[in-house]
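Just so we're aligned: 239 in the numbering used here is position 239 of the sequence shown, and the numbers increase by one with no gaps anywhere. Don't be surprised by glycine CBs; every beta carbon is placed ideally from N, CA and C. Comments concern the structure below.
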Amino acid sequence: MHSTSPSLLVLTGADVDAALSSLDPETTLASQAAVFKTFSSSHTAAATSSPRPPLLEAPLRTTLTAAGATSLFMPSRIGADVACKIVSVPRADVGLPATTVVLDGVGRVRALVNARKLTAARNAAGSALSVRAAGAKTSHVVIFGTGAQASAHATLFLGLFPIDSLTIISRASSPRAAALAALFASDHRVTLASSADPAFNLKQAVHNADVILTLTPARAELFDAVDVRAGTHVVCVGSYRPDMREIHDDLVRRAGIVVVDSAEACLQEAGELISAGIARDGMAELGEVLERGWVKTGDVTLFKSVGIGLQDVAIAKLVLEQAEALGLGTEVPNFD
């Protein structure tokens, strides 16, 4: 077993793809749901004095900005499982490089896991959980963005929900948009469109949507709030800094109570919520909602995710165990 050896297991992007594709999506969702529930319930547990170490540790991310990229460091622990994800946002259009370092029970590096797809997979799982919790219709889904997040969300949603049409909207033509078009070319439910195309009716697409997923690094709203009809479920994943935003303040306020992955993190990092003046009492965490139900207080429902490191621990562990079971990866002997 790799976990009892001083060797190091390296999982490439192809290894991760093979492990993810062999997993039952419901297994991934169940794993992520457990993370959200445990995370939210830990707030109460943390308020009680105990000589034992806490079950969870999830410090806010550390951000380092260099000339070529902004790098985010997200260490977390669930029980004895410890991992740290490093994800970069380059100035160049090369996607989001990411690696998760997984430690063993005595603190040695157990594995290095390519996390480009893992980040998108765990975010898509959180988005899907929010759709289920909100009881949203899914006949017409609109996705803004063409990166790994869009691919992961589209793939998962098409497999989980009854969808008649799924429209993926890019802001301009790009190699990533072309790759997405090729990926879903055989699925008649999927349409790719560009908001820069005069022939594309963005307002109508937004108005028709039952679910809107925003998965971009935008700094200004991607569409008009007035075009979103009552009953729509909106998921915002792309922004992770106070100066970033994907939707208008008016749309945030229409939701009433906003469901978030982490209230503490969103108070500091969710540009849309900060701009709209949403305080802690205007938020409910997804873990709480999964336990007690979604109390709707507006004419739309909104889930805002900035990502929590605990999700990375859970998805990395799940994929690592699956990869080991399938014999995937490259072992580096005598690493430590």
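When the options are compared against residue i, the one with the closest alpha-carbon
| i | options | result |
| --- | --- | --- |
| residue 366 | 252, 242 and 227 | Here the chain comprises residues numbered 1 to 336, so residue 366 is not present and cannot be evaluated. |
| residue 259 | 150, 302, 292 and 219 | 302 |
| residue 93 | 102, 176, 282 and 325 | 176 |
| residue 17 | 319, 335 and 68 | 319 |
| residue 172 | 159, 125 and 194 | 194 |
| residue 21 | 274, 32 and 326 | 326 |
| residue 122 | 242, 201, 155 and 135 | 155 |
| residue 192 | 97, 221 and 151 | 151 |
| residue 96 | 111, 112 and 69 | 69 |
| residue 98 | 335, 333, 309 and 332 | 309 |
| residue 272 | 222, 312 and 286 | 222 |
| residue 378 | 284, 64, 10 and 57 | Absent from the structure is residue 378, since the part of the chain shown begins at 1 and ends at 336. |
| residue 285 | 67, 265, 14 and 269 | 265 |
| residue 200 | 268, 169 and 159 | 169 |
| residue 42 | 79, 267 and 144 | 79 |
Beta bridge counterpart(s) of residue i as assigned by DSSP
| i | result |
| --- | --- |
| residue 114 | 99 |
| residue 213 | 143 and 235 |
| residue 86 | 73 and 99 |
| residue 331 | 9 |
| residue 109 | 103 |
| residue 227 | BP columns for residue 227 are empty, so no partner. |
| residue 78 | 56 and 81 |
Three-state class that DSSP yields for residue i in the structure shown
| i | result |
| --- | --- |
| residue 246 | coil |
| residue 280 | helix |
| residue 132 | helix |
| residue 221 | coil |
| residue 262 | coil |
| residue 274 | helix |
| residue 93 | coil |
| residue 60 | coil |
| residue 65 | strand |
| residue 336 | coil |
| residue 124 | helix |
| residue 255 | coil |
| residue 203 | helix |
| residue 2 | In this predicted model, residue 2 has a pLDDT of only 45, less than 50, meaning its place in the structure is not dependable enough to derive any value. |
| residue 119 | helix |
C-beta neighbour in chain C for residue i, strict 8 Å
| i | result |
| --- | --- |
| residue 111 | Given the protein chain composition of this structure (a single chain), no chain C is represented. |
Integer-rounded CB distance, given that residue j should sit under 8 Å from residue i
| i | j | result |
| --- | --- | --- |
| residue 146 | residue 118 | Wrong, their Cβ atoms sit about 19 Å apart, outside the cutoff. |
| residue 33 | residue 215 | About 21 Å; that fails the 8 Å criterion. |
| residue 189 | residue 163 | 6 Å |
| residue 153 | residue 130 | Residue 153 to residue 130, Cβ: 12 Å. No contact. |
| residue 262 | residue 226 | About 30 Å; that fails the 8 Å criterion. |
| residue 232 | residue 205 | Actually they do not touch by this definition, with Cβ atoms about 12 Å apart. |
| residue 217 | residue 7 | At roughly 37 Å, the Cβ-Cβ gap does not stay under 8 Å, so residue 217 and residue 7 are not in contact. |
| residue 298 | residue 254 | 5 Å |
| residue 125 | residue 323 | Not really, about 18 Å apart at Cβ, beyond 8 Å. |
| residue 25 | residue 159 | 6 Å |
Any non-hydrogen atom of the ligand HEM closer than 7 Å to residue i Cβ
| i | result |
| --- | --- |
| residue 236 | Looking for the ligand HEM in the displayed structure turns up nothing, as the structure carries no ligands at all. |
Alpha helix (DSSP H) runs wholly inside the segment 10-38, at least 4 long, in chain order: 13-22
- request: Identify every run of the beta strand (DSSP E) within the segment 145-197, keeping only runs that are complete inside it and at least 3 residues long; order them along the chain.
  value: 165-170 and 190-194
query: Considering only residues of the segment 280-317, which uninterrupted alpha helix (DSSP H) runs meet the minimum length of 4 residues and lie entirely inside it, listed in chain order?
result: Listed in chain order, they are 286-292.
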